[in-house]
Each structure stands twice: as structure tokens, then as C-alpha cells.
Amino acid sequence: MADTILDKPERQRETQTRISVLLPLPFPGPLDYLAPADMVHPGDIVTVPLGRREEIGCVWDTQSAVPADFAPSTEPAIDIKRLRAIRSKQASTPLPQSLRRFIDWLAAYTLTPPGLVLAMAIRAYNAQAPRPHLGWVRGDAALTDLRITPARQRVLDSLGNAPRTTSDLAAAADASPAVIRGLAAAGMLREMPIPVSAPFGTPDPNFRTPHLSDDQESVATELRHAVDARKYSATLLEGVTGSGKTEVYLEAVAECLRQGRQIMVLLPEIALSSQWTDRFARRFGVQPAIWHSDLGGKRRRETWRAVSLGQASVVVGARSALFLPFPDLGLIIVDEEHETAFKQEDGVTYHGRDMAVVRARLANAPVVLVSATPSLESLANVESGRYRHLTLHARHGGAVLPEVALVDMRAHPPERGLFLSPVLTEAIDQTLERKEQAMLFLNRRGYAPLTLCRACGYRMECPNCSAWLVEHRARRLLACHHCGHTEPLPDLCPNCQAEGSLVPIGPGIERILEESRARFPDARILVMASDTLGSPQATAEAVRQISHREVDLIIGTQIVAKGWHFPHLTLVGVVDADLGLGGGDLRAAERTVQLLHQVAGRAGRAEAPGRVLLQSYLGEHPVMQALVSNDYRAFMEQEAAQRRPGFWPPYGRLAALIVSAATPEAADALARTIGEHAPQIPGVQILGPAPAPLAILRGRHRRRLLLRTPRNLAVQPILRHWLAGLRTASQERVDIDIDPVSFL
Ligand SMILES: [Zn+2]
Ligand SMILES: [Zn+2]
């Protein structure tokens, strides 16, 4: 709703001020406009003309008033007479200063035009404010000569302090709308806007206070102090799976609620958050506001609005919640901080965890990073004194950590064509006999990751990417997991035309399901994968079935690792513990340990002790040894020792340049040109150009360069200088990824 339409702005030029407006477009910075002096202020959302269009933008830092007849000689390029006036100011709360500074900061850090970052903040901005609903209250007129019939009396009796709508009042009084209209005409009823109820309930910090162990209580006290300090601090909260970390940090949330301030909780995958929000509701009596990219348009606008008005006190969300306009942010929690899902890879690339710390600093609020398996980045920040470290040592309620054992696949191989070792299947038999639950984990969707021709060795590849097609037998097709290309499984080999020669190689979870059905015919099996659990409701239903023991055997991809509480699960079998160690990824080992540790943590969370079996061909690998000895810290020290000398993150800084073009020749030429102009700075290393592991993605040919610097050298000025004179053709692109997580 535009509440202030400017009347003939051209004639009011003498009282106009020059202002900067940031538009959600890829310009290098804000544009200058004119507005009546003192009408708009930084953070206000305004409508401005742009060419022949109108755009919504945000007033950025205001310039000092400029007299109409005076264009400063120092800036001859900007003639105030040529500036256009803003069209209108929107009726909404301004974007808070801490959010505006965050947008500037993130744009500079990721080398993104600030307008594109603003776009993420105002995407859900509701230009159409809801029309107020009207209702009836008692009017000012004293009793008139209007005869008070029984129906009229019932209407008058039904009035309260709060306005009621016509239909509501008619129903309550058992009278027709005509009766109400008659009373209104006589002045005995008066119309009033019905106050818009806050769309989110108010969490009650004292709704159900938990009983905490001594260990938990002392950590909770520290966190409450951090909230009470009302200033920036960063804390790493580390605790083994099942140690009750959530309960503890919810006490910090409670403290912040008592202060009447707002809280942001980031989860890596919000669609899987039903158990979290239920737990929140049990503690605080209401559901929190939820924020993620799949939220419907109306709910998005309501939530954005409620946050900006301070009516939503707790928002649990995906990384995009960082851009919500909290006017009074008092605490940020990042749960499962080690998760790579916090990294946004498309569009503006940023790491949600790291940006949460920046957001907290700019809002002068405490941030708590939570994990059972903290990232090396966070541990390094603890070591350097930037973060405080709080630890929960014991599993809550007497549950013990599961025993982890290796299944040596060389010594105990599965039968030919199968993937489960007899050691594992026998352990499942015993678990099912005891009426306990078992889980098989394999982080690979589909039936088989590769389809090969037995006759000629041809491999089914994606036409758009340098990647194998994954067979999805249930859907009867081959799919590319990188670009979404699908095609039916052919009868003949496309290369040698042999019939029936195509065979699946290796397992995906569909194939493990097939094997499990044959091997455990009486077991009730449930599959948990992102493509079988399409909606949060489906996920919640699956979790319910598991909790209510309606399932004996769970087969899942990494979804199952997400902090679920499965009280009857006592055996976890990892089908391929070696998966994920290949690929030359900087963090492959760290990620494998984190993921498998999380998976293992699902077992034995209640009374019954848990057991984890890892099928591996690499028993001596440090990753397997770390998992068996359950010594995460020792493993991370070893990781640190490996990364430190070469200035690999977190001991140095890294930026990736991804060059892409329509042809391999163009990609090579551009990558070579960039490589030749690489800066020569002591301590700065350029790696590449080299073909990206996914050398072709969605039909585009890709080359990569890496820029690595010691920690004390920022990569942004180097990159800006390096790429400043670069010219690219229309089909060519250079994407910059600061602090890359994926190396594909
Ligand atoms: Zn063939
Ligand atoms: Zn593809």
C-alpha cells in the first residue's frame, strides 16, 4: 500500500533532498533520486522510476540536502536537476540498520552487486498490505425511538469490547444481517477495524521448564549470561549426539524471550524440522515462525511482516532467514553448524553459518554454533580465541554411546551380486528377533549409480554433464543427479546395439531395499530418502511410524542422519563407509566422519545400547579408525595438522573461479587468459586452470582456478584487481565462490 503519493514532485524541487536508493538489481551500487526533505530515511522502502518502469527499492545512506540551484562542482557528473523524484514511500517498517550493514558486508565479501543481496531481503516484502476487516461495536447513540425487538436485543447483548464481523454477530445473536444493518443505521452500532491478530503465538519462556542435569545446567547458565550481556559473542556448543544440546540452547532462547527480544534459529534443512518444532512447542507452548524457500507466498509475506513488526519472536529457518528484517535481534543459534547444506551454491554464494556470525556481530548479539561434530573452521576459531567453547560430555538420561565396529569386506564379502555382508545381515536378524529396530544407511539415491554395457563396456552418461546416469528402477528411468536430465532405460546398448547387455553396477538404496526384502521377508521396511519423502508432512509421518514401532527396518540416505530421535533403534549398518572418501575434496574425510558419526548417533538413544557396523574395504583409513575409537577430537587434530602447512582452510583463505563457456575451446582460452593475468603476490598461490571434476555441467564446459592466501590476506581485493580488466563474451562466464565447499 503506497500511503504517501507525492503530489507533483517536479514543482516541489526546491525542497528536495538527494537520496540514495538501492534497487534489487545487479547495479554496482545505489542510485540517486530526489525526495522531499525529511520524508524518507535510510531503510524506508520506496517506489522509484527506472527508465519507463517502476521499481521497489530501499533508501540507503541519505545525502546531505542539496540546494536546488546548486550542483556541487566536485561531482559534476551528478546534476541534481537531472535526478528523478521517488514516486512514493511504502507503508512498512524500515529495513533495520543492522540488516542494511549486513547486506553491504555480504555483498563486499562475496563480490556480489549489493542489489542482488537486497533482493534476497525484500523478496517477501508485501507491497499489498491487507485491507482492514471491519466489525461492530456499541454505537454512541443513546436509545432512540427504534423499537428494541428480541432480535435487536440479542444483537446488543452479543456485543463486546472487541469488534465482531456482521456474520459472526448474526450467528451469535441468531439474527439476520438486516437486523444489524438496522441498528447501525440508528447509530446504535459503530464500525471499527478488527485488529489483525498476530499470526504467531507468543512463546512462553516458563511454559514447561526442563529438568537439566548438572552438566547441562552449567552450560545453560553460561549461555544465559551471553544473552544477558546484550552484546556480540560467539560460542561453540559441542556435545555428543543425545547429550541434550537442544534442550540447553532452548534455555538461552527462553532467556532472550524474557527480555522481549527476537531469536533466529538456523537449521540446515528446514523441511526436516518437524521434530524440532514439536520440541519447541512442548517447551514454549506455541509453534515458532518458520522460514524457508518452500513457504507459500501468503505465509511468506505474513512472516516477513510479523518479523519486521517484532510480532514473531522466534524464527526457525533455513539460511535465507538471515535476511529477515529483525528490528531487535537478541540471539542467533546455528544448529548442526558443520553441515554443508548451510552453503548456498546458486546465485549469491555464501556460507550460512559464517554469515550468521557476521549478522550477529552487526546486530551486536550473541551467536551459538551447535554440533556433535564441529567443523574444523569452528574448532580453529576456538583455538585462536575468537569463539568460546562449551561442551556437554555425557549422553542425557543415562544412554550410552553406541559401540562402533568395522566389517572388513575383504574378509566377509557379500554373496555375488549382493551388497550386505553376512556379518551385517546376521546382526540385523538378531536385532529384529529382539523386536528392536535396525537401520541401513547408504548415501546414494536410486537403484544403481552406473549402467554399463557388458558387451562393449559403454557407460550410460548424461548428455549435458560429465556424469553417469543413475538408474531409478521404481520410476523406470535413468536420471542425472546434476542437471535433472532423465531418459528411459534403453533395451539396446546405444553404442553396440547388443540386446539385454546393460547391467547395473553398484548399489543405490533402491537396490538395498530389493536385497533387504528378499533377505528379511517379514520385516516392515521404510525408505527415507529426499525423493521418497517429498514433503515435510511425509517426513513427519515417517518419523511417527518409526517412533511408534510400526517399522522394523529403515533404509535411508543422509536424511536419516539429521538429528532424529529414534528411541527403539539399536543397530545401524553403514552399507558403504568408504563412499565419499574419493573425489579429491578438501573436506572429504572430515565430512565422512561427521556424516557417519551423525548416523551412528541415531542408535541406542534410549535404554537399549546401540551398535554400529561399518562395511569398509579401507579398515586402516584414519576415518575408519576415528569412527571405531569414537575419538573425533584426535581425528580433527590430524586433519588440522594436514591442512595447516599448506594454508588450506581454515588456516588460509580460498576462492574458486569457475570459468564456463559453450565450447571446450572457449573455456580453455578464457581460463588461460585469466591464469596468465594472475597476480604475483608473495604468499598468494594460484592453482589451475584445470578442468572441473564436472567438466561439463548442463551443457556448459567448465574450468576451475583456485586462489589461496594465508589467513591474514583477504582474497576480495586481489580478485577485484585481477578480474577488473577482464572482458568476457556473451556465452562466457566467470563465477566466483569465496570459501568454496563444493569442488565439482
Ligand atoms: Zn554396448
Ligand atoms: Zn546432467
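If you count by our numbering, then the sequence shown holds residues 107 to 850, one letter each, in order.
Every residue gets a Cβ at the ideal spot worked out from N, C-alpha and C, and that includes glycine.
When burial is assigned at 16 or more other CB atoms within 10 Å of the CB, is residue i buried or exposed?
| i | result |
| --- | --- |
| Gln322 | buried |
| Ala171 | Any reading at Ala171 is ruled out, since the residue's pLDDT is 40, under 50, leaving its predicted position unreliable. |
| Asn312 | exposed |
| Tyr723 | exposed |
| Leu485 | buried |
| Asn487 | buried |
| Thr627 | Correcting the residue identity first, residue 627 is Pro in this sequence and not Thr. Exposed, since its Cβ has fewer than 16 Cβ neighbours within 10 Å. |
| Val609 | exposed |
| His518 | exposed |
Please state the DSSP three-state secondary structure of residue i.
| i | result |
| --- | --- |
| Lys668 | coil |
| Met515 | coil |
| Phe547 | strand |
| Gly458 | helix |
| Ile300 | coil |
| Thr409 | helix |
| Asp774 | helix |
| Glu445 | coil |
| Met566 | coil |
| Thr638 | coil |
| Cys559 | strand |
| Ser339 | strand |
| Lys541 | coil |
| Arg697 | helix |
| Val847 | coil |
| Ala709 | coil |
| Ser836 | coil |
| Gly241 | strand |
| Ala629 | coil |
| Gln417 | coil |
Does the beta-carbon of residue i, which I'm using as the reference point, lie nearer than 7 Å to any heavy atom of ligand 2?
| i | result |
| --- | --- |
| Ala747 | no |
| His807 | no |
| Asn601 | no |
| Ala395 | no |
| Asn570 | yes |
| His578 | no |
| His783 | no |
| His457 | no |
| Ala573 | yes |
| Cys851 | Outside the shown range of the chain, which is 107 to 850, sits residue 851, and nothing can be said about it. |
| Arg164 | The sequence given here places Cys at residue 164; Arg does not occur at that position. No, ligand 2 has no heavy atom inside 7 Å of this Cβ. |
| Cys589 | yes |
Within the same chain, show all residues whose beta-carbon is closer than 6 Å to that of residue i, passing over the 5 residues directly before and after it, in chain order.
| i | result |
| --- | --- |
| Phe849 | Asp691 |
| Ala247 | Gly293, Met294 |
| Ser225 | The residue you asked about is not Ser; residue 225 is Ala in the sequence shown. Excluding sequence neighbours, Ala225 sits near Pro130. |
| Leu524 | Glu621 |
| Ala768 | Gln837 |
| Glu361 | Arg330, Val333 |
| Ala279 | Arg260, Val261, Ser264 |
| His807 | Ala767, Pro770, Ala773 |
What whole-angstrom Cβ distance do residue i and residue j have, given they're in contact under 8 Å?
| i | j | result |
| --- | --- | --- |
| Trp574 | Leu595 | Not a contact, Cβ separation roughly 13 Å. |
| Ile396 | Val422 | 6 Å |
| Gly688 | Leu719 | Contact flag wrong, Cβ pair sits at about 22 Å. |
| Leu632 | Val666 | Not confirmed; about 10 Å, so no contact. |
Going by beta carbon distance, what residues of the same chain come within less than 7 Å of residue i, once the five residues before and after it are set aside?
| i | result |
| --- | --- |
| Asn601 | Cys559, Cys562, Tyr564 |
| Leu468 | Ser204, Arg207, Phe208, Trp211 |
| Ala732 | Val699, Tyr738, Ala740, Phe741 |
| Ser572 | Leu800, Ala801, Ile802 |
| Ile618 | Phe525, Leu546, Leu548, Ile661, Val681 |
Once you ignore the five residues that flank residue i on each side, which residues in its own chain have a CB closer than 8 Å to its CB?
| i | result |
| --- | --- |
| Val790 | Leu813, Arg814, Thr815, Leu819, Ile824 |
| Arg582 | Pro594, Leu595 |
| Glu181 | At Glu181, the pLDDT of 44 sits below 50, so the modelled position is not reliable and the matter cannot be decided from this model. |
| Asn470 | Ser204, Arg336, Lys337, Tyr338 |
| Ala290 | Trp242, Gly245, Arg296, Glu297 |
Any heavy atom of ligand 1 closer than 7 Å to the beta-carbon of residue i?
| i | result |
| --- | --- |
| Tyr553 | no |
| Ser653 | no |
| Cys562 | yes |
| Ser481 | no |
| Ser607 | yes |
| Ala604 | yes |
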